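Here's the structure, in structure tokens; my notes come after.
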Amino acid sequence: MEVIDNFLPEEQFDTLASTMMSANFPWYYANSVVSENLLCEEQFNYQFGHSFYYNYGFKSEYSKFIFPILEKLNPIAILRIKGILLPRTETNVEHGFHQDNQHKSKVAIYYVNTNDGYTKFADGGIINSVANRLVLFNSEDYHTGASCTDEKIRVAINFNYY
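Going from the sequence shown to my numbering is simple: count from 1 and add 1142.
In structure tokens, the structure reads:
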């Protein structure tokens, strides 16, 4: 696992963050975060997502905003890229340990805003949600996200790639 703070130059980060945190950015309801190994009550097992890339192509008119991240990651091939929005909860809600896919690939999580949410790994490691931070790890690593209690929303981007 590798954590990189201040991943993007400030101007690129500001553009991406202001776009994704805007009331005009299109978020879509997903009825579950995980389907197995649920750690929370079912009523909290949901999120809002934005598909930047899936089924072998870019699907979002907002994809240009993540190109600076992709340039630095320099993937050989992309499996999926999605934005994640978790609404604030009274306590941090962990959804369930999972692997993003069954391929031996890489995962990068880019945190868009700072809050007390986090990514927790089954081995006990915790990465706090800090704006403009990126964490890199292998797709075999079991992890779970947690909602925040101190901001309205927790926003991140999940990259699965080779």
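From the three backbone atoms N, C-alpha and C, an ideal C-beta is built for every residue, glycine too. Everything numeric in this text was worked out from a predicted model, so none of it was measured.
When C-alpha distances from residue 1236 are compared across 1183, 1172, 1154 and 1166, the shortest belongs to 1183. When only Cα atoms are considered, residue 1288 and residue 1234 end up about 6 Å apart. Only exposed fits residue 1294, as fewer than 16 other CB atoms lie within 10 angstroms of its CB. Counted as a single uninterrupted DSSP element, the alpha helix (DSSP H) harbouring residue 1154 occupies residues 1152-1162.
Runs of the beta strand (DSSP E) lying entirely within the segment 1210-1298, each at least 3 residues long, are 1220-1229, 1248-1253, 1260-1263, 1268-1270, 1275-1280 and 1285-1288 in chain order. Assignment of residue 1205 by DSSP, reduced to helix, strand and coil, places it in the helix class. When 1201, 1280 and 1171 are compared, the shortest CA-CA separation from residue 1245 is found for 1280. Under the three-state reduction of DSSP, residue 1149 is assigned to coil, being neither helix nor strand. In the DSSP secondary-structure assignment, residue 1170 is bridged to 1191. By the beta-carbon neighbour count (other beta carbons within 10 angstroms, threshold 16), residue 1268 is exposed.
If you ignore the 5 residues before and after residue 1194, its C-beta comes within less than 8 Å of the C-beta of 1200, 1201, 1202, 1204, 1205, 1208, 1223, 1224, 1225 and 1299, all in its own chain and listed in chain order. Under DSSP, residue 1304 shares a beta bridge with no residue. Between residue 1302 and residue 1149, the gap from beta carbon to beta carbon reaches 9 Å or more.
The Cβ atoms of residue 1250 and residue 1211 lie closer than 9 Å to each other. When the alpha-carbon of residue 1174 is set against those of 1228, 1261, 1243 and 1258, the nearest one is in 1228.
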